[in-house]
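Worksheet: the structure to be examined is printed underneath.
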Amino acid sequence: MGKVTVIGAGNVGATCANALALRKVASEVVLIDIKEGLSEGKMLDIYQTSALMDFDTRVIGVTNDYAATAGSDVVVITSGVPRKPGMTREELIGVNAGIVKAVMGEAMKHSPKAIFLIVSNPMDTMTYLALKSSGLPSSQVFGMGGQLDSSRFRCYLAKALGASMSDIDGMVIGGHGDTTMIPLIDKAAWRGVPVSKFASAEVLGKVAADTMVGGATLTGLLGTSAWYAPGAAAASVVEAIMFDQKKVIPSCVALSGEYGQKDICIGVPTVIGRGGAERIVEIELTADESAKFAASADAVRKTNAVLSEIGAL
Ligand code: APR
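Numbering (this note's numbering), first residue to last: 65 to 377.
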């Protein structure tokens with residue numbers, strides 16, 4: 065039924081691997097990290113839940129052994145380092161760019177046909193780097209951010225409306241950052257009815273603001289960045305690929321003229337199936353949404369420029 069590799073056995077990577085096993089998305093899930101024993105330990109722990117949680121997925125943890133990842137259908141990249149005190153943004157981008165490029169190169173050698181899903185931050189820039197440095201087609205390399213941000217958006221909307229989360233439809237597009245993401249309030253709906261019918265502009269404005277600082281709120285509470293929702297969001301995108309679901313998921317994909325942008329990877333609604341990012345869906349944006357999208361693209365481009373400044377591209 066297929067094989068998925070998750071690179072980076074940290075909080076997000078291990079949570080993603082666990083969700084993949086629980087939801088029986090693949091017959092084999094490999095978790096790989098540079099830290100000796102970390103992947104092995106996490107996968108052994110997950111394996112010991114298999115009788116309790118009723119899954120038969122082969123869960124394998126390895127240290128730096130890319131041969132074990134061979135023939136993967138999907139490779140999820142979550143490896144990286146968090147920003148340390150005193151580290152500049154450029155330094156962080158430099159370190160994570162080195163890691164993403166290196167692991168992508170190794171994984172590609174063993175799974176040249178895999179779909180690569182980038183989660184490492186700054187995700188829009190890491191996706192751009194992975195795409196450019198790999199030379200793979202854009203359908204095969206894309207980033208996960210919009211699925212997480214949209215899930216947070218739907219949670220805040222459901223709470224504000226007193227609705228069931230599954231009845232709420234909402235998308236977040238643009239960059240995957242506190243100031244670059246764009247929750248599409250005007251297009252959000254409760255069972256097809258615009259949310260503006262049920263809540264004031266003030267309430268909906270707060271929903272959008274809470275969504276945008278969704279990650280930072282959790283970092284404030286936890287002292288580190290979140291993992292349940294990021295891991296689950298990545299796993300749900302993998303599921304859409306493995307089961308060829310053709311789901312429309314806001315994903316960080318390369319644009320070549322769509323939404324008035326090119327030479328950039330940024331979040332837009334995308335049909336996700338066995339071919340990866342199969343098709344970009346162009347929805348009509350309001351003037352306000354278009355202006356925000358252009359500003360978001362400018363900000364992402366500025367971060368991408370660091371890649372050439374530091375010689376990563
Ligand atoms: N190869 C494999 N694994 C690596 C490498 C490498 N070259 N370099 C670092 N790692 C591993 C680390 O050893 C660590 O286990 O990546 C893992 C990162 O895990 P965490 O620090 O726990 O980070 P996490 O919270 O999981 O977030 C991972 O996803 O959402 C993003 O911003 C987040 O960029 C971050 C990434």
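Just so you know, even glycine gets a beta-carbon here, dropped at the ideal spot from N, CA and C.
Fair warning: this is a prediction, and the values are worked out from it, not measured in the lab.
Review point. What are the boundary residues of the beta strand (DSSP E) that E322 is part of?
Key: For E322, there is no enclosing beta strand (DSSP E), since its DSSP letter is neither H nor E.
Practice item. Just tell me which of T281, V164 and E353 has its CA closest to the CA of L377. Key: For L377, the nearest C-alpha among the options comes from V164.
Check your understanding: At which residue ranges does the segment 105–176 contain complete beta strand (DSSP E) runs of 3 or more residues, listed in the order of the chain?
Key -> Every beta strand (DSSP E) stretch that sits fully inside the segment 105–176 and reaches 3 residues is listed by chain position as 122–127 and 138–141.
Review point. What distance in whole Å lies between the Cβ atoms of L248 and I232, which are believed to be in contact at a cut-off of 8 angstroms?
Key: Incorrect: roughly 13 angstroms between the Cβ atoms, too far for contact.
Practice item. Check each candidate in R147, A194 and S300 and name the one with the smallest Cα separation from I336. Key: Closest option to I336, Cα to Cα, is S300.
Exercise for review: Confirm the yes/no value for this check: CB of D352, any heavy atom of the ligand APR, distance under 7 angstroms.
Suggested key: No - the ligand APR has no heavy atom lying nearer than 7 angstroms to the Cβ of D352.
Check your understanding: Assuming G210 and C80 make a contact with CB atoms under 8 angstroms, what is their CB distance in whole Å?
Key -> Between the beta-carbon of G210 and that of C80 there is about 16 angstroms, and that puts the pair past the 8 angstroms contact cut.
**Study point:** Buried/exposed call for R255, threshold 16 Cβ in 10 Å
**Key:** Result: exposed.
Point to revise | Nearest-angstrom beta carbon gap, S91 and M394 [assumed within contact, 8 angstroms] | key: Outside the shown range of the chain, which is 65 to 377, sits residue 394, and nothing can be said about it.
Exercise for review: Could you work out which residue in Q325, G295, K196 and S214 is closest to V271 when comparing CA atoms only?
Suggested key: S214 is the residue among Q325, G295, K196 and S214 whose C-alpha sits nearest the C-alpha of V271.
Check your understanding: Using 8 angstroms as the threshold, is the segment 362–373 in touch with the segment 176–190, meaning 3 or more CB pairs across them?
Key -> Contact check between the segment 362–373 and the segment 176–190: three or more CB pairs, one atom from each, fall below 8 angstroms, which counts as touching.
Review point. CA-CA distance, A222 and V267?
Key: In this structure, the straight-line span from the alpha carbon of A222 to that of V267 is close to 12 angstroms.
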